[in-house]
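S.K.:
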Amino acid sequence: QNEYEPGDKRRHETIMQDGDYYPELKKKDGGYTFVAQPNDGIGENACFAAIKKYVIGTPEDNNGKVCFMSTGINTYVLRLADVYLIYAEAVLGNNSSTSDADALTAFNAVRTRAGLPAKTSITFQDIFHERRIEFAYEADFWYDLIRWHYWNPSAAIAFINNQERGTYYWQGTTRMLNSFKITATDDSFILPIPASETDQNPKLLEPPVPYNFGK
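Residue numbers (the working numbering): 1298 to 1512.
1. Since I believe Ala1403 is in contact with Ala1385 (beta carbons under 8 angstroms), could you give me their beta-carbon distance rounded to a whole number of angstroms?
2. If you follow the beta strand (DSSP E) that Leu1474 is part of, which residue opens it and which one closes it?
3. CA-CA distance, Gln1460 and Lys1478?
4. Candidates Glu1431, Val1388, Ala1436, Ala1398: which alpha carbon is nearest Phe1421's?
5. Only counting the same chain, and skipping five residues up and downstream in sequence, which positions put a Cβ closer than 8 angstroms to that of Ile1424?
6. Measuring alpha carbon to alpha carbon, tell me which of Ala1398, Asp1326, Ile1487, Met1473 ends up nearest Tyr1447.
7. Are Asn1458 and Ala1481 closer than 7 angstroms when you measure CB to CB?
8. From Gln1314 to Thr1417, what does the alpha carbon distance come to, in whole angstroms?
9. Roughly how many angstroms separate the alpha carbons of Ser1523 and Tyr1351, rounded to a whole number?
10. By DSSP, does Thr1311 sit in helix, in strand, or in coil?
11. Within the continuous alpha helix (DSSP H) that includes Tyr1384, where are the two ends?
12. To test your reading of the DSSP string, which unbroken beta strand (DSSP E) runs of 3 or more residues are found completely within the stretch 1407-1486?
13. Along the chain, where does the alpha helix (DSSP H) containing Ser1493 start, and where does it finish?
14. Is DSSP giving Ala1398 helix, strand or coil here?
15. Distance, Cα to Cα, Thr1311 vs Asp1317?
16. Reducing DSSP to helix, strand and coil, say where Ala1333 ends up.
17. Which whole-angstrom value is the C-beta distance of Ala1378 and Glu1431, which I expect to be below 8 angstroms?
18. Determine the direct distance from the alpha carbon of Arg1308 to that of Tyr1301, and round the result to whole angstroms.
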């Protein structure tokens, strides 16, 4: 929740923070205001925030179009924003940055829609960050981390190891952090090949064979 830049419209629609007001939720009660407490009457909230994305209210809020575990929201297979950011990353390639007009047009189409100023040059970290924000809670980010690990393992590992994954709690009137971090390694980014497969084909355990894609 701290990744959003000031003025990013996506933050309010993705993550609820203390004092956020949503007139479209609980309409009969005049809307809903999120209060960041360790227990907000719904359940423990150790992050002092809540997920907003895909929360669209009750049938009363939506003319009966939704009910518990049943909505008209489509499952996105590939969003246009994903296409734009994939294109920008493809143009960037192995370069440290790019000011290519087409790459910037694609990248900034996502960024300016969120109310943020356009960039005149982008790096991999710009695209990586934008993907994390744009596709939050859409089960994409892990695959971005895996792609990053392919070509810069130490950076991807450090990114995870430097994350604070703890929870907050109140001590009197002071908000305290119960710190928790994990230790990722190269093995954290891969799944082992099932023994049933390697038994049938032991060559799967051998090092990958170099392949010249230019031929």
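The beta carbon of each residue, even a glycine, is placed where N, CA and C say it ideally should be.
Nothing here was measured: the structure is a model prediction, and the numbers come from that model.
M.R.: By the coordinates alone:
1. Here residue 1385 refers to the residue found at position 88 of the sequence shown. Here residue 1403 refers to the residue found at position 106 of the sequence shown. So it is a contact: roughly 5 angstroms between Cβ atoms.
2. Here residue 1474 is taken as the residue at index 177 of the sequence shown, counted from 1. That run of the beta strand (DSSP E) goes 1471-1475.
3. As a position in the sequence shown, residue 1460 is number 163, starting the count at 1. As a position in the sequence shown, residue 1478 is number 181, starting the count at 1. C-alpha separation (whole angstroms): 7 angstroms.
4. As a first step, residue 1421 must be located in the sequence shown, where it is residue number 124. The shortest Cα separation from Phe1421 among Glu1431, Val1388, Ala1436, Ala1398 belongs to Val1388.
5. Position 127 of the sequence shown holds residue 1424. In chain order, Leu1382, Ala1385, Glu1386, Leu1389, Phe1404 place their CB closer than 8 angstroms to the CB of Ile1424, counting only its own chain and leaving out the 5 sequence neighbours on each side.
6. Position 150 of the sequence shown, counting from 1, holds the residue named residue 1447. Distance check between Tyr1447 and each of Ala1398, Asp1326, Ile1487, Met1473 places Ile1487 closest, using alpha-carbon atoms only.
7. Translated into positions along the sequence shown, residue 1458 becomes position 161. Translated into positions along the sequence shown, residue 1481 becomes position 184. Result yes, Cβ atoms of Asn1458 and Ala1481 sit closer than 7 angstroms.
8. As a first step, residue 1314 is located in the sequence shown; it is residue number 17 there, counting from the start. As a first step, residue 1417 is located in the sequence shown; it is residue number 120 there, counting from the start. In this model, Gln1314 and Thr1417 are separated by some 31 angstroms (Cα to Cα).
9. Nothing can be reported for residue 1523, as the shown portion of the chain is limited to 1298 through 1512.
10. Reading the sequence shown from its first residue, position 14 is the one you call residue 1311. In the structure shown, Thr1311 sits in a helix (DSSP, three-state: H, G or I).
11. Residue mapping note: residue 1384 aligns to position 87 of the sequence shown, counting from 1. 1377-1389 is the span of the alpha helix (DSSP H), which, as asked, contains Tyr1384.
12. Counting whole runs of 3 or more residues, the stretch 1407-1486 contains the beta strand (DSSP E) stretches 1464-1468, 1471-1475.
13. Taking the sequence shown and counting its residues from 1, the one referred to as residue 1493 is at position 196. Ser1493 -> alpha helix (DSSP H) spans 1492-1497.
14. Position 101 of the sequence shown, counted from the first residue, corresponds to residue 1398. The answer is helix: DSSP assigns Ala1398 an H, G or I state.
15. Indexing the sequence shown from 1 puts residue 1311 at position 14. Indexing the sequence shown from 1 puts residue 1317 at position 20. Rounded to the nearest whole angstrom, the CA to CA distance from Thr1311 to Asp1317 is 11 angstroms.
16. For the purposes of this step, residue 1333 is identified with residue 36 of the sequence shown, where counting begins at 1. DSSP places Ala1333 in coil when its eight states are reduced to three.
17. As a position in the sequence shown, residue 1378 is number 81, starting the count at 1. As a position in the sequence shown, residue 1431 is number 134, starting the count at 1. With 8 angstroms as the limit, Ala1378 and Glu1431 qualify as a contact, their Cβ atoms being about 5 angstroms apart.
18. Here residue 1301 corresponds to residue number 4 of the sequence shown, with the count starting at 1. Here residue 1308 corresponds to residue number 11 of the sequence shown, with the count starting at 1. The alpha-carbon atoms of Tyr1301 and Arg1308 are separated by roughly 6 angstroms.
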